[in-house]
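Novice: Here's a structure for you.
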Amino acid sequence: MRDNYLDPTVSAERRASSLLEQMTLKEKIGQLCQFVGLGPMEEGQRLAESNDDDSTAVYPDLRKADVLRMTERGEIGSFLSVQTQEEADTLQRAALRSRLSIPALIATDAIHGHAMLKSGATVFASPLTYSFSWDKNLACRIAQATARELRATGFQWTFSPNVDLALDARWGRCGETFGEDPLLAGELGAAMIEGYQDEGLNGESRVLACVKHFIAGGDPADGLNFSPMDVSDRSLQEFHFPPFKKAIDAGALTCMAAHNEINGVPCHGNEWLLRDKLRDDLGFGGLTVSDWNDVARLHSLHKVAESFDEANCIALRAGIDMYMHGPGYFESIEKQVLDGRIGGALVDEACWRILMCKFKIGLFEQPLALGNSETVVLCEAHRDLAYESARESIVLLKNENEILPLKKGSQRILVTGPCADDQSILGDWALTQERDLVTTVLDGIKNEAGSGCSVFHSSSGAIEKIDDEAIERVSRAAAKADIAIVAVGENGLRDSVSLRTCGENLDRSDIELPGRQLDLIKSIHATGAEVVLVLVGGRPLAIEWCADNIPAILFAGEPGMAGGKALGKILFGSVNPSGKLTMTFPRSAGHLKYPYHHRPSKFFRTYILSRHKALYPFGCGLSYTEFEYSSLTIPEEVEYGDSVSISLTVKNSGKLAGEEVVMVFVTDCYSSVTTPVKLLKRFERVLLQSGEALRLEFTLKFNELELLDENLDRVVEPGDFQVRIGYDDCLVETFRVLEAGAKLLG
Ligand code: GLC
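First residue of the sequence shown: 0, per numbering that gives the first Met the number 0; consecutive thereafter.
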């Protein structure tokens, strides 16, 4: 007796099998096909003539009516880059008119809120920015809120989290990641997946998460997106795979392959990667989706397929289940199945996984918008969360002579800089929002300054507009100011009319402040006004002169729609800054790559003519209070196989309440192969009132001490290990793993 696939009490797996049995070949292939939404399709056709790369979707000769008819025939199983609730509704209703009424997956890149929705949505701090909070619970709640706004508007799939390790600040996409550390990327990615796919929200607000990009796109050879990755198996195993393992263990239901090749084989045609590694080794059971046009690029870019047909065949065989995006794939697969070049079982396998995912998130029960978008999208709770995402994440990098927090007395405060009064604080994968929904840097300062201060704005113009005239004009204003708050950096806002300098495919050959921002800062500094620098953007910048000469520097990242509010409160002291960097600030592009977890020999020799130490190291971030660490207690010796108990006391010895991130790193002092100078093993964010002390306990499992020996086998080698507390090793103790047990365990 065949299961009833419409019965929600039956498991998703069995419902998928039952439905698959009833489908024709065409209907099965249709599930593998993803198109862009109607808006991007029509935009693509308008841009077709001027379109010199394939970053816009161009479906020649297809009109909206054609796509709706194909959908009604069950030849399209998903849509991405859908821009409005209405579009989602139109597409979904067409899918529901298909013979078996299989709903489509409506997808978007909602990586820090449903921020690509044309009608607006809550825009949280970008992933790199809220990673500075080191707050897993915050990441989960951002994902839950995003999922609520997605399902409220008829969307069920987000291409998030991006757990690429950001190892190169030239890469435009650092802002989408959680930084350079594999543990932190994995933990925050897993927290987001739990939030997106959360059963707790009475089910109807679950969406499919998508862990991406598999694999190693964040460590491009030359900082350029797509560029080849020549990466050792050791690096893959030590750094790139672990965040995906954590995400898969957290239940990620979809995974996106990476644009790039690794070691000569493009990810999209890499059966070892997509089947042996992703599925057999890491245990992934969901659907794998291609990235944008990357199946076709096996032919057009990587040149490993002599035709698009061959590319499609290679990708399906390698393990790509869903094709992003557009026409041609359907016919190609159908033809190759019918002529025997592709086994029908490959189509069944891919289709089954897609159906299983659709059942998993209740798509058959709830294919359309939940009808609550009015009360859910941009609701007060979400906007409060957006504020929290900024408040917890902004990093105070420098505060000489405690110039901050600013006094609310009678001061003349100039606010200027290209990021002071625009929406660059939203970051990439976000559209410009309604003005009154965004608190800019200038807004936040004006709201917080209090009546005694006179706050005035002198516009420098956008990044690309800063010229001699603007510099002179702003400097004249600065000469009348006691304090000059200068908001500079980069602009990743996806639909910005000004120059975008960071974000997807916006990679740079240097990481200086773009344009003449540094000239602007120097000129203002020369007037004698006390300069407070506010850095905006989705990556570390080489601000060596500023670090040497400017007394106060904050890295706001891309703090989202409430970023200015959080910044204002931090500048005037009603909020105590607590963000800690998750990506090292190198002194220049020439210093790259420079993750904290480098090998011991990295700086055996250093540069002539330039300093080599990080401008601002991984984990740093100042507070308006002080934290003291003491009484680090660890065993002197550890029996082979035993866990390691670590305890320590952290005290707020300052006058203000504050939040601290306690970081526990471990070093394998001597090993048969080289190992990182240290690796993060635990972290915990704690709130401490002035004078309050807290005893924290951590337990490392024995296998967390393991390394990959020269054969890449996992082993814990006896000998000395160091426990190092804080980004700056404020406490260090050594323990020894005893030899004895090692022999017993062989
Ligand atoms: C892009 C990105 C990917 C994104 C996809 C859909 O090329 O690489 O991260 O999810 O296309 O927009």
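Just so you know, even glycine gets a beta-carbon here, dropped at the ideal spot from N, CA and C.
Measuring CA to CA, which of Q432, R515, A528, E503 is closest to K479?
Specialist: What you label residue 479 is simply residue 480 of the sequence shown in a count that begins at 1. Comparing Cα positions, the closest option is A528.
Novice: Helix, strand or coil: how does DSSP classify N311 here?
Specialist: Here residue 311 refers to the residue found at position 312 when the sequence shown is read from its first residue. DSSP places N311 in helix when its eight states are reduced to three.
Novice: Compare the Cα-Cα distances from D708 to each of R604, K245, R316, S670 and report the closest residue.
Specialist: Within the sequence shown, numbered from 1, the residue matching residue 708 stands at position 709. Looking at the Cα atoms, S670 is the closest of the given residues.
Novice: Hey, is L79 close to ligand 1, as in C-beta under 7 Å from one of its heavy atoms?
Specialist: In the sequence shown, counting from the first residue as 1, residue 79 sits at position 80. For ligand 1, at least one heavy atom lies less than 7 Å from the Cβ of L79.
Novice: Assign Q196 to one of three DSSP states: helix, strand, or coil.
Specialist: If you number the sequence shown from 1, residue 196 lands on position 197. Coil.
Novice: Going by DSSP in three states, G745 sits in which element: helix, strand or coil?
Specialist: Here the question's residue 745 lines up with position 746 in the sequence shown. For G745, the pLDDT reaches just 48, beneath the cut-off of 50, and the residue's location in the model is therefore unreliable, although a value from the coordinates is still provided. It is coil, neither helix nor strand.
Novice: If you draw a straight line from the alpha carbon of R150 to that of S204, how long is it in whole angstroms?
Specialist: Residue numbering aside, residue 150 sits at position 151 when the sequence shown is read from its first letter. Residue numbering aside, residue 204 sits at position 205 when the sequence shown is read from its first letter. Rounded to the nearest angstrom, the two C-alpha atoms are 6 Å apart.
Novice: Could you tell me the distance, in whole angstroms, from the CA atom of L369 to the CA atom of K25?
Specialist: For the purposes of this step, residue 369 is taken as residue 370 along the sequence shown, with counting starting at 1. For the purposes of this step, residue 25 is taken as residue 26 along the sequence shown, with counting starting at 1. Between L369 and K25, the C-alpha separation is close to 30 Å.
Novice: Check whether the segment 518–536 and the segment 84–97 touch, using three or more Cβ-Cβ pairs below 8 Å as the test.
Specialist: Result no; under three Cβ-Cβ pairs closer than 8 Å.
Novice: Following the continuous beta strand (DSSP E) through P732, name the residue where it begins and the one where it ends.
Specialist: Translated into the one-based positions of the sequence shown, residue 732 becomes position 733. According to the sequence shown, residue 732 is Glu rather than Pro. Here the beta strand (DSSP E) through E732 covers 730–736.
Novice: What is the DSSP secondary structure of D481, counted as helix, strand or coil?
Specialist: In the sequence shown, residue 481 corresponds to position 482, counting from 1. Reduced to three states, the DSSP call for D481 is coil.
Novice: Could you tell me which whole beta strand (DSSP E) segments of length 3 or greater appear in the segment 369–454?
Specialist: Within the segment 369–454, the complete beta strand (DSSP E) runs of at least 3 residues are 394–398, 411–415.
Novice: Could you check if P366 is buried or exposed, using at least 16 other CB atoms within 10 Å of its CB as the buried criterion?
Specialist: Along the sequence shown, one-based indexing puts residue 366 at 367. P366 should be labelled buried.
Novice: Distance, Cα to Cα, D167 vs S10?
Specialist: For the purposes of this step, residue 167 is taken as the residue at position 168 of the sequence shown. For the purposes of this step, residue 10 is taken as the residue at position 11 of the sequence shown. Approximately 43 Å between the Cα atoms of the pair.
Novice: Count the other CB atoms, across all protein chains shown, that sit within 10 Å of the CB of I607; report buried if there are 16 or more and exposed otherwise.
Specialist: Residue mapping note: residue 607 aligns to position 608 of the sequence shown, counting from 1. By the neighbour-count rule (16 or more Cβ atoms within 10 Å), I607 is not buried but exposed.
Novice: Quick check: is any heavy atom of ligand 1 less than 7 Å from the C-beta of W291?
Specialist: Position 292 of the sequence shown, counted from the first residue, corresponds to residue 291. Yes; taking the cut-off as 7 Å, the Cβ of W291 has a heavy atom of ligand 1 nearer than that.
Novice: Are N259 and G216 close, meaning C-beta to C-beta below 8 Å?
Specialist: Your numbering for residue 259 matches position 260 in the sequence shown. Your numbering for residue 216 matches position 217 in the sequence shown. The answer is yes: Cβ separation under 8 Å.
Novice: With 16 other CB atoms within 10 Å as the buried threshold, where does G222 fall?
Specialist: As a working note, residue 222 is residue 223 in the sequence shown. Result: buried.
Novice: What do you reckon, are the CB atoms on A257 and H301 nearer than 8 Å?
Specialist: Counting from 1 along the sequence shown, the entry for residue 257 is found at position 258. Counting from 1 along the sequence shown, the entry for residue 301 is found at position 302. Contact: no.
Novice: Hey, would you say the C-beta of E503 is under 7 Å away from at least one heavy atom of ligand 1?
Specialist: Working through the sequence shown from its first residue, we reach residue 503 at position 504. Answer for E503: yes, Cβ within range of ligand 1.
Novice: Spell out a yes or no on whether the segment 465–479 and the segment 512–528 are touching, meaning 3 or more CB-CB pairs, one atom from each, closer than 8 Å.
Specialist: Yes: at least three Cβ pairs fall under 8 Å.
Novice: Once DSSP output is grouped into helix, strand and coil, what is the label at Y623?
Specialist: Locating residue 623 in the sequence shown gives position 624, where the first residue counts as 1. Of the three classes helix, strand and coil, the one that applies to Y623 here is coil, per DSSP.
Novice: Cutting at 8 Å between CB atoms, please list the residues of its own chain near L737, excluding the five before and the five after it.
Specialist: Counting from one through the sequence shown, the residue named residue 737 turns up at place 738. If we look at L737 and ignore the five residues flanking it on each side, its Cβ neighbours are E636, V637, E638, Y639, P717.
Novice: Please state whether DSSP places Y328 in a helix, a strand or coil.
Specialist: If you number the sequence shown from 1, residue 328 lands on position 329. In the structure shown, Y328 sits in a helix (DSSP, three-state: H, G or I).
Novice: For a test of the three-state rule: what should DSSP assign to G657, helix, strand or coil?
Specialist: Position 658 of the sequence shown holds residue 657. DSSP places G657 in strand when its eight states are reduced to three.
Novice: Can you tell me whether T121 is buried or exposed, with buried defined as 16 or more other CB within 10 angstroms of its CB?
Specialist: Here residue 121 corresponds to residue number 122 of the sequence shown, with the count starting at 1. So T121 counts as buried.
Novice: Taking 6 Å as the limit between beta carbons, can you name the residues of its chain near S331, skipping five residues before and five after?
Specialist: Against the sequence shown, residue 331 aligns to sequence position 332. Counting only Cβ-Cβ distances below 6 Å, and skipping sequence neighbours, we find D308, N311.
Novice: I'd like to confirm something about H239: is its beta-carbon nearer than 7 Å to some heavy atom of ligand 1, or not?
Specialist: Residue mapping note: residue 239 aligns to position 240 of the sequence shown, counting from 1. It does not: the Cβ of H239 is nowhere closer than 7 Å to a heavy atom of ligand 1.
Novice: If you draw a straight line from the C-alpha of R62 to the C-alpha of D712, how long is it?
Specialist: Looking up residue 62 in the sequence shown gives position 63. Looking up residue 712 in the sequence shown gives position 713. Going from the Cα of R62 to the Cα of D712 covers about 55 Å.
Novice: Taking buried to mean at least 16 other C-beta atoms within 10 Å of its own C-beta, is L5 buried or exposed?
Specialist: Looking up residue 5 in the sequence shown gives position 6. Under this definition L5 is an exposed residue.
Novice: At which residues does the beta strand (DSSP E) containing G556 begin and terminate?
Specialist: Indexing the sequence shown from 1 puts residue 556 at position 557. G556 -> beta strand (DSSP E) spans 551–556.
Novice: Could you tell me which of H524, T287, I101 sits nearest to P550, measuring between CA atoms?
Specialist: The residue given as residue 550 occupies position 551 in the sequence shown. Nearest C-alpha to P550: H524.
Novice: Taking L19 as the reference, which of G537, V346, A613 has the closest Cα?
Specialist: Counting from 1 along the sequence shown, the entry for residue 19 is found at position 20. For L19, the nearest C-alpha among the options comes from V346.
Novice: Count the C-beta pairs between the segment 387–395 and the segment 550–568 that are closer than 8 Å, then say yes if the count reaches three, no if not.
Specialist: Yes, the segment 387–395 is in contact with the segment 550–568.
Novice: Runs of 3 residues minimum, wholly inside the segment 205–288: which ones carry the beta strand (DSSP E) assignment?
Specialist: If we require 3 residues or more, the beta strand (DSSP E) runs fully inside the segment 205–288 come out as 209–213, 253–256, 286–288.
Novice: Taking the beta strand (DSSP E) that F720 belongs to, which residues open and close that run?
Specialist: For the purposes of this step, residue 720 is identified with residue 721 of the sequence shown, where counting begins at 1. Here the beta strand (DSSP E) through F720 covers 718–724.
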